[in-house]
Amino acid sequence: MTRTVAIVAMVAGALAVVSAQGQRQVSLLVTNGIVVTMDGGGRVISPGSVAIDGTDIVAVDTADAIRQQFRGRDTIDAAGQVVMPGLVNTHTHAPMVLYRGLADDLALMDWLNNYMFPAEAKTVSPEFVRAGTRLAALEMIESGTTTFADMYYFEEEIAKETKAAGLRGVLGETVIQFPVADAKTPADALARAETFIKAYQHDPLITPAVAPHAIYTNDGPTLKAARELSKKYNVPTLIHVAETQSEAMTARERGAASVVAYLDGLGFLGPGVVAAHAVWVNDADIAILKSRGVGVSHNPESNMKLASGVAPVRAYLAADVAIGLGTDGAASNNDLDMFEAMRMASMLQKVASSDPTAVSAKTALRMATIGGARALGMERQIGSLERGKHADLIVVSMSAARQTPMYDPISHLVYVTRGDDVRTTIVNGKVLMRNRKVTTLDAAAVLKDANMWAEKVRAAVAR
Ligand SMILES: [Zn+2]
């Protein structure tokens, strides 16, 4: 009896030693993939693996090296598939998925003033926003977006659904001069924004933000007050900047040479500001955006669909402005697929400059990952697969007919891959979708709910 106990103890001890010497146990291993790290050296490791413990990446290395060092409580085999950082959508209005396809083929001001603002006035409510966010979250998880920057109303409701879905969000409460669903005055909106910031200031997934809509929808004092609120809590400021040519007129009426010059004159521009679109800018504006440390969100599909113009992406890149990609709201895109955004970003610059070398696949992929993280001021936490960063990553299938054969995974990610090629989505170390099955949302219920809301939207805009 005594001898048996001793032998068992010896065997257990020997196993523990082997384990301590050989392998560290971690929560999740993603193994044997084509690991596109998007790190500073642009490393692609094949076959490579990523070790994740809790919320963070603990190692990115060859499959052999990871196998020797780590044991996963859970393992995802990514053989033949790409493992890459989750996509960062730097500009959207998530609940607007419920207006998808409601009004197409219009210019921005006609579309906004005659369709979107009236539809919103009649339909936006906390319940609407929550249903819309669930639909957007489902679409984003299914198409490989792991972080999104949002501007809308009832942003605290968007935060609840974003957290429940497991996504990372930079969520900006809208500040706008006229009465809207969640605020009668800009002061109301600022008060709502402040309450929201206080509630989510230290959240692991949600970064609260203030989102003064644009210069043409806010006066100078409101813009300043919104920026001051952001600075007080050290949170981002999200704003539409120089989306259309007509916005420059507003700036000129207020005595400034351009939209960027006007905002700079207000003392508005600085680190933490994310300028969506920034299409109509000159060289001096680009220099100001760079020197103030402003991030830019380029939204090629929305800019093309609304015929807003072509953003000078090559000039931003040459000036080393932090530039990421966005989809904009689904009402002007009409989806949240960041793979499509990459493809369009690349092709739009090529055709606009008559230069096929403009915005290469590698550059587009950078803008959708580490570039977007940098534009949002989050490049130390996300945007690449590196030890110490949060475990936000996706596994992308490369076996479809249209992806065969594959000479270069980066070319394929930008020029042929679609959102529905994403197999697995992981945020903060948690698997949100595995083999196309979303674990944090009831997909059928989300779609049913969205269709129910669409009936109300249809009734609201009927005339
Ligand atoms: Zn927008």
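Every number in the working numbering is 745 more than the matching position in the sequence shown, counting from 1. Cβ coordinates follow ideal geometry from the N, Cα and C atoms, glycine included.
Three-state secondary structure assigned by DSSP to residue i
{"i": "D1009", "result": "helix"}
{"i": "N1079", "result": "coil"}
{"i": "A848", "result": "coil"}
{"i": "V1159", "result": "helix"}
{"i": "G785", "result": "coil"}
{"i": "M790", "result": "Here residue 790 is Ile; the residue named in the question, Met, does not match the sequence. In the structure shown, I790 sits in a strand (DSSP, three-state: E or B)."}
{"i": "I1031", "result": "helix"}
{"i": "G1128", "result": "coil"}
{"i": "D1153", "result": "coil"}
{"i": "A938", "result": "helix"}
{"i": "L774", "result": "strand"}
{"i": "G965", "result": "helix"}
{"i": "T907", "result": "helix"}
{"i": "T800", "result": "coil"}
{"i": "G1038", "result": "coil"}
{"i": "G914", "result": "strand"}
{"i": "Y860", "result": "helix"}
Residues bridged to residue i (per DSSP)
{"i": "M829", "result": "I1139"}
{"i": "N834", "result": "F893"}
{"i": "T919", "result": "A956"}
{"i": "D933", "result": "Looking at the DSSP assignment, D933 forms no beta bridge with any residue, so it has no partner."}
{"i": "I779", "result": "V827"}
{"i": "H1043", "result": "L1070"}
{"i": "T995", "result": "Partner(s): none; T995 has no beta bridge."}
{"i": "V986", "result": "H1022"}
{"i": "F815", "result": "R769"}
{"i": "M1178", "result": "T1170 and V1183"}
{"i": "D822", "result": "T776"}
{"i": "A882", "result": "The partner list for A882 (beta bridge, DSSP) is empty, contrary to what the question assumes."}
{"i": "T807", "result": "G793"}
{"i": "V925", "result": "A928"}
Sub-8 angstroms separation of residue i and residue j beta-carbons
{"i": "L832", "j": "T891", "result": "yes"}
{"i": "L1192", "j": "T1185", "result": "no"}
{"i": "A804", "j": "T776", "result": "no"}
{"i": "A738", "j": "V986", "result": "Because the chain here runs from 746 to 1208, residue 738 falls outside it and cannot be looked at."}
{"i": "P966", "j": "G1017", "result": "no"}
{"i": "Y1061", "j": "V1039", "result": "no"}
{"i": "A1076", "j": "M896", "result": "no"}
{"i": "A839", "j": "G877", "result": "yes"}
{"i": "I1155", "j": "V781", "result": "yes"}
{"i": "V1159", "j": "V827", "result": "no"}
{"i": "A1097", "j": "L1070", "result": "no"}
{"i": "A996", "j": "I960", "result": "yes"}
{"i": "E988", "j": "L851", "result": "no"}
{"i": "I921", "j": "H958", "result": "yes"}
{"i": "T930", "j": "A956", "result": "no"}
Straight-line Cα distance separating residue j from residue i
{"i": "S1122", "j": "L983", "result": "Sequence inspection shows Gly at residue 1122; the Ser mentioned does not correspond to that position. Straight-line Cα distance between these residues: approximately 12 angstroms."}
{"i": "S888", "j": "F815", "result": "29 angstroms"}
{"i": "A1103", "j": "A1190", "result": "43 angstroms"}
{"i": "P1210", "j": "G767", "result": "Residue 1210 lies beyond the residue range present for the chain, which begins at 746 and ends at 1208; the question has no answer from this structure."}
{"i": "L1179", "j": "I886", "result": "First, the residue type needs correcting, since residue 1179 is Arg and not Leu in the sequence shown. Going by the C-alpha atoms only, they are around 10 angstroms apart."}
{"i": "I1139", "j": "G1128", "result": "12 angstroms"}
{"i": "V925", "j": "A1086", "result": "30 angstroms"}
{"i": "L1081", "j": "T952", "result": "20 angstroms"}
{"i": "G1015", "j": "S870", "result": "33 angstroms"}
{"i": "V1004", "j": "G778", "result": "46 angstroms"}
{"i": "S772", "j": "A971", "result": "41 angstroms"}
{"i": "F899", "j": "R875", "result": "9 angstroms"}
{"i": "I1115", "j": "M783", "result": "7 angstroms"}
{"i": "A1195", "j": "D806", "result": "42 angstroms"}
{"i": "N1173", "j": "A1002", "result": "44 angstroms"}
{"i": "Q1148", "j": "T962", "result": "44 angstroms"}
{"i": "K1134", "j": "R1059", "result": "28 angstroms"}
{"i": "A1205", "j": "T835", "result": "30 angstroms"}
{"i": "L912", "j": "Q1126", "result": "14 angstroms"}
{"i": "E998", "j": "A1006", "result": "13 angstroms"}
{"i": "S794", "j": "M1151", "result": "20 angstroms"}
{"i": "I797", "j": "R769", "result": "11 angstroms"}
{"i": "V915", "j": "T1169", "result": "22 angstroms"}
{"i": "E973", "j": "A1109", "result": "33 angstroms"}
{"i": "A1064", "j": "L1008", "result": "20 angstroms"}
{"i": "R845", "j": "A1207", "result": "16 angstroms"}
{"i": "A881", "j": "R1203", "result": "19 angstroms"}
{"i": "F893", "j": "A1146", "result": "30 angstroms"}
{"i": "A1020", "j": "F923", "result": "21 angstroms"}
{"i": "A1113", "j": "M1083", "result": "7 angstroms"}
Taking the runs of the alpha helix (DSSP H) that are 4 residues or longer, which of them lie wholly in the region 1076 to 1117?
-> 1083 to 1098 and 1106 to 1111
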